[in-house]
Amino acid sequence: MQNTAPLNWRRFPERYLLRGSYCETCKQAFFPSRAICPNCRRKGKLISIEMPRTGKIISYTRVHVPPEGFKNEAPYYLAIIELENGAKVLSQIVDSDPEKIKIGAKVKKVFRRIAEPDEYGTITYGYKFKVVE
Amino acid sequence: MEAGIVAYGVYIPKLRIKVSEIERVWEKSASGLGVIEKAVAASDEDACTLAVQAARVACEDFCIDPKRINAVYVGSESHPYAVNPTASIVAEALGTSNKYFAVDMEFACKAGTAGLQVCYALKKAKMIDIGLAIGSDTAQSKPNDPLEFTAASGAAAFFIGDSKEEVIAEIEHTCSYTSDMPDFWRRPKAEFPEHTGRFTGEAYFKHVISAAKMLMEETGYKASDFSYAVFHQPNGKFPLKAAKILGIDLERVKQGLLCPYIGNTYSASTLIGLASVLDVAKPNEKVLAVSYGSGAGSDAFVLNITDNILHRRAKVKVWDKIKEKQYIDYALYVKHRRKIKL
Ligand SMILES: [Zn+2]
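Residue numbers (my numbering), protein chains in the order written: chain A, -5 to 127; chain B, 45 to 386.
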């Protein structure tokens, strides 16, 4: 069993709470977190913030040939979501009628299991999104 | 103000299987159970994710800052880990501080209400600002076992505080009736629980009725004083029979009786029923709630609804929440509940 727990742990704020960065200089939000603001460089002043939990789909695809570890979940929907503050997130879409998964659809963050390597290792939890009316 | 409920949230997974579909597969009748369909967690859901969803919606609906939570108790008989707490994952996912009491509870179907009692006691002792008690389960059942017709998934989260602007239901009194009566159990390496058939009914009524009577004796309330009564719901019939024995009008049980449409959500069962009552209760009404956990015990509560309820309620009522559903057949059910070994 590969011990990925410490590595995963460092990403809990990002995966559980959508914690990213916000630049107080150019007022732009980034997800995942950045070390330096790509707009302002050294003049940027980045702080850590929780991203809004709602947004809209700006692009999506149906995954039929998934990466290792997601075989039993395919086919599933993957979407690029623009959050209310403009930051973009790539996420799986769950609990949504396929007819409603389209560009512009309003989505809300949900907390789900993301992966589990086997029945002995740690379970990875994190965000997915669902379409809301 | 007395310590009481300041917020509540419910999460019921979207997937449903009709009892008639399970009857079709095993060529058996389950008509005596009074259950039409049950809620099924998807394959990427577990008791932890359900708990987070229930607590999150409560924080949103009632404007609770998670940093105020100083106690987190998660009751379940389907904790995703045998060792490694669900409570700390739930708290982290809500964004609490790191100053909180936490432990996972297990007492078959009453672990959620046990958490409620602990939070209530901590609040009365002024050791916390807000305490969070959650009952959450993705109940497991062996294929072709009578439990399979009812074992369901769901979660309810209750926040305990004592701010006079926030308390919507004061906990006037709580007590428990407990004894060693093994009517349902699961050994460490067993995948599915075992049970004793009719003996579970005997255990249910012995504990539920005794706890309710104990509470009435200690408080002086009569059956007719309660505007609503909520009982643990292993099926659609037991809560009605319990009410009848206690002399409670059956109409007062219906608002909190969700089991016919979502199944037995185990640790969440009584709490989801109670949430549904809070959706409609009026100031000064008294609510009786009695849980049941095999093994066995019942926690009884009497709540007094306050004026705050008029402006503090869940945004979506439990009875409306359950309308968002998607039916699956037995094949998809066993896939989602991981009864197919891959
Ligand atoms: Zn910047």
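Each residue gets a CB set at the ideal place from its N, CA and C atoms; glycine is no exception.
Note that the structure is predicted; figures quoted are calculated from it, not measured.
- Beyond the five residues adjoining it in sequence on each side, B:VAL84 comes within less than 8 Å, by CB distance, of PRO57, LEU59, ARG60, ILE61, ALA196, SER197, ILE372, TYR377, HIS380, ARG381 in the same chain, given in chain order.
- Not a single C-beta of chain A is nearer than 8 Å to the C-beta of B:THR314.
- In this structure, B:VAL116 lies away from B:ALA137, with their beta-carbon atoms at least 8 Å apart.
- DSSP, read as helix, strand or coil, puts B:GLN161 in helix.
- B:CYS163 counts as buried, since no fewer than 16 other beta carbons sit within 10 angstroms of its beta carbon.
- Under the Cβ distance rule, B:GLN97 counts among the residues neighbouring chain A, one pair being separated by less than 8 Å.
- Spanning the alpha carbons of A:ILE95 and A:LYS65 requires a straight line of approximately 21 Å.
- Of the candidates B:VAL50, B:ALA99, B:SER185, the residue whose Cα lies closest to the Cα of B:PHE236 is B:SER185.
- If the five residues before and after B:GLN97 are omitted, its C-beta is found closer than 6 Å to the C-beta atoms of TYR55, all from its own chain and listed in chain order.
- Contact of A:ILE117 with chain B by beta-carbon distance below 7 Å involves PRO124.
- Exclusion of the five residues before and after B:ALA256 leaves LEU290, VAL334, ALA344 as the residues of its chain whose Cβ lies within less than 6 Å of its Cβ.
- The continuous stretches of beta strand (DSSP E) do not include B:ALA102, which lies in the alpha helix (DSSP H) extending over residues 91 to 105.
- Per the DSSP secondary-structure output, A:THR118 pairs in a beta bridge with A:ALA109.
- For B:ALA177, the closest C-alpha among the options B:ILE384, B:ALA319, B:GLY78 is that of B:ALA319.
- Within chain B, the C-beta atoms nearer than 9 Å to that of A:TYR10 come from VAL96, ILE133, GLU136, ALA137, LEU138, GLY139, in chain order.
- The nearest non-hydrogen atom of ligand 1 is 7 Å or more from the C-beta of A:ASN79.
- If you ignore the 5 residues before and after A:VAL57, its C-beta comes within less than 7 Å of the C-beta of ALA68, PRO69, TYR70, LEU72, all in its own chain and listed in chain order.
- A residue is called buried when at least 16 other Cβ atoms come within 10 angstroms of its Cβ; B:ASN352 meets this threshold and is buried.
- Within the model, the alpha-carbon separation for B:ILE253 versus A:ALA(-1) is close to 47 Å.
- Between the C-alpha atoms of B:MET260 and B:THR240 there is a straight-line separation of about 30 Å.
- Short of 7 Å from the beta carbon of B:GLU368, and not among the five residues preceding or following it, lie these beta carbons of its own chain, in chain order: LYS58.
- Around ligand 1, the residues whose beta-carbon falls short of 5 Å from at least one of its heavy atoms are A:CYS17, A:THR19, A:CYS20, A:CYS31, A:ASN33, A:CYS34, A:GLY38, given in chain order.
- The beta carbon of A:GLU44 sits closer than 8 Å to some beta carbon of chain B.
- 8 Å or more divides the Cβ of B:GLY53 from the Cβ of B:GLY119.
- Under the 8 Å Cβ criterion, the segment 322 to 338 of chain B does not count as touching the segment 110 to 120 of chain A, having fewer than three qualifying pairs.
- Nearest CB-CB separation between A:ASP89 and chain B: below the 8 Å threshold.
- Here the segment 82 to 98 of chain A lies against the segment 35 to 53 of chain A, with 3 or more beta-carbon pairs under 8 Å apart.
- In this chain, the alpha helix (DSSP H) harbouring B:LEU322 covers 313 to 322.
- Listed by position along chain A, the residues whose Cβ is nearer than 8 Å to that of B:ASP88 are GLU67, VAL88, ARG106, ARG107, ILE108, LYS122.
- No Cβ-Cβ contact shorter than 8 Å links B:SER313 with B:CYS92.
- Chain-order list of chain B residues neighbouring A:PHE6: GLU136, by C-beta distance under 8 Å.
- In this structure the segment 6 to 17 of chain A touches the segment 28 to 43 of chain A; the number of beta carbon pairs closer than 8 Å is three or more.
- The C-alpha of B:ALA340 is placed about 9 Å away from the C-alpha of B:TYR221.
- Its chain contains no residue whose beta carbon lies nearer than 6 Å to that of B:GLY76 once the 5 sequence neighbours on both sides are disregarded.
- Within the same chain, and ignoring the five residues on either side of B:THR263 in sequence, the residues whose Cβ sits closer than 8 Å to its Cβ are GLU216, HIS217, VAL346.
- Rounded to the nearest whole angstrom, the CA to CA distance from B:ASP148 to A:CYS20 is 44 Å.
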